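Worksheet for the structure shown next.
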Amino acid sequence: LGLRRIPNSLDGDKRLREEFKDFFELLRAPLSPALEQSIMYDKRVRTLASFTQSRLGLGEKRIERAWSEQLLKERKLSAKSLRDFWYYENYIGMCDTEMGLLHRGEPGLSLTRTRDRIAIIGGGALPLSAIMMYDLAGIPITVLDRNPRYAQIGNRVLRELGLDKEITMVPNDGRDFDFKGHTIII
Numbered sequence: 133l134g135l136r137r138i139p140n141s142l143d144g145d146k147r148l149r150e151e152f153k154d155f156f157e158l159l160r161a162p163l164s165p166a167l168e169q170s171i172m173y174d175k176r177v178r179t180l181a182s183f184t185q186s187r188l189g190l191g192e193k194r195i196e197r198a199w200s201e202q203l204l205k206e207r208k209l210s211a212k213s214l215r216d217f218w219y220y221e222n223y224i225g226m227c228d229t230e231m232g233l234l235h236r237g238e239p240g241l242s243l244t245r246t247r248d249r250i251a252i253i254g255g256g257a258l259p260l261s262a263i264m265m266y267d268l269a270g271i272p273i274t275v276l277d278r279n280p281r282y283a284q285i286g287n288r289v290l291r292e293l294g295l296d297k298e299i300t301m302v303p304n305d306g307r308d309f310d311f312k313g314h315t316i317i318i
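Under the numbering used here, the first residue of the sequence shown is numbered 133, with each subsequent residue one higher.
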């Protein structure tokens, strides 16, 4: 029900923050592959999936843009500034999930700087997932966003954090991007 409202403030509203937290905890719950499949093919879930994805996407875009613009007003942007973002904990969970999926079925998989490069399609104005993945894996990342303004804002955030040599934002939606050299695409 909280997804019917889109947050319009930098702080979000407390109830919506709690609903997002609960939602992401459900997403991170360990499920067997068989149970995952049964859930994904459930008609009720499929009916809600499109609505949920569009609302989450719209909400995240608005929140990220507002928050990144607020961060860029600071004299010195830092990792602490990012951690103060009320939605930060959800990014930790998403990043853990994405990194876990990379290792699923390949125990001992290790990402190496000499071999691997990550591409993330859809980074938004605040490329927090890329920043966290870089912190975890230490490999170069290319972030695509089809909105040129979001890519511009994201690149400013990365520059302020000193990460612009390791993480690059490109205004592209991914359909015509050359992924050559990227070993992981998210």
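Idealized CB from N, CA, C, for every residue including glycine. As the structure is a computational prediction, the values presented were derived from the model and not from experiment.
Counting Cβ pairs closer than 8 Å, one from the segment 195–211 and one from the segment 280–298, do we hit at least three?
-> Output reads yes: the segment 280–298 touches the segment 195–211.
Cutoff 8 Å; reference T244; Cβ partners in own chain excluding five residues on either side | Position 112 of the sequence shown, counted from the start, is the residue given in the question as residue 244. Excluding sequence neighbours, T244 sits near I271.
Range of the contiguous alpha helix (DSSP H) that encloses I299 = By 1-based counting over the sequence shown, the position of residue 299 is 167. I299 -> not in any alpha helix (DSSP H); beta strand (DSSP E) instead, spanning I299 to P303.
By Cβ distance below 8 Å, which residues in the same chain neighbour I210 in space, the five residues on each side in sequence not counted?
-> Translated into positions along the sequence shown, residue 210 becomes position 78. Rather than Ile, the amino acid found at residue 210 in this sequence is Ser. Scanning its chain for C-beta atoms nearer than 8 Å, with the 5 sequence neighbours on each side dropped, one finds around S210 the residues L293, in chain order.
Nearest to F217 (by Cα), restricted to the options G232, D308, E201 and S186 | In the sequence shown, counting from the first residue as 1, residue 217 sits at position 85. E201 is the residue among G232, D308, E201 and S186 whose C-alpha sits nearest the C-alpha of F217.
Does the Cβ-Cβ distance between M301 and D267 come in under 8 Å?
-> For the purposes of this step, residue 301 is taken as residue 169 along the sequence shown, with counting starting at 1. For the purposes of this step, residue 267 is taken as residue 135 along the sequence shown, with counting starting at 1. With contacts defined as CB atoms closer than 8 Å, M301 and D267 fail to qualify as a contacting pair.
Minimum C-alpha distance to N304 - residue among D296, L290, G256 and R176 = Looking up residue 304 in the sequence shown gives position 172. N304 has its Cα closest to that of G256, out of D296, L290, G256 and R176.
Mind checking S170: buried by the 16 CB within 10 Å criterion, or exposed?
-> Position 38 of the sequence shown, counted from the start, is the residue given in the question as residue 170. Exposed is the call here.
Alpha helix (DSSP H) containing L276: first to last residue?
-> Reading the sequence shown from its first residue, position 144 is the one you call residue 276. For L276, no alpha helix (DSSP H) encloses it; the enclosing beta strand (DSSP E) starts and ends at I273 to D277.
Rounded to a whole number of angstroms, what is the C-alpha to C-alpha distance between M356 and L158?
-> Coverage of the chain is limited to positions 133 through 318, which leaves residue 356 absent and any answer about it impossible.
Bridge partner(s) assigned by DSSP for A251 = Working through the sequence shown from its first residue, we reach residue 251 at position 119. Paired residue(s): T274 and I317.
Reference C227; option with closest CA among R178, L203 and S261 = Within the sequence shown, the letter at position 95 stands for residue 227. Looking at the Cα atoms, S261 is the closest of the given residues.
Excluding sequence positions up to five away, which residues of its chain have a Cβ less than 8 Å from the Cβ of D308?
-> The residue labelled residue 308 in the question sits at position 176 within the sequence shown. Result list for D308: empty, nothing under 8 Å.
From which residue to which residue does the alpha helix (DSSP H) around G191 run?
-> Residue mapping note: residue 191 aligns to position 59 of the sequence shown, counting from 1. K175 to L203 is the span of the alpha helix (DSSP H), which, as asked, contains G191.
Got a sec? Which residues, its chain only, sit under 8 Å from L295 by beta carbon, not counting five neighbours each side?
-> Start at 1 with the first residue of the sequence shown, and residue 295 comes out as number 163. Correct list, in chain order: I263 and Y266.
Give me the Cα-Cα distance between G306 and P259, rounded to the nearest whole angstrom.
-> For the purposes of this step, residue 306 is taken as the residue at position 174 of the sequence shown. For the purposes of this step, residue 259 is taken as the residue at position 127 of the sequence shown. Spanning the alpha carbons of G306 and P259 requires a straight line of approximately 16 Å.
Can you give the beta carbon distance from E206 to S213, rounded, assuming they're within the 8 Å contact cut?
-> Position 74 of the sequence shown, counting from 1, holds the residue named residue 206. Position 81 of the sequence shown, counting from 1, holds the residue named residue 213. Correct: roughly 6 Å between the Cβ atoms.
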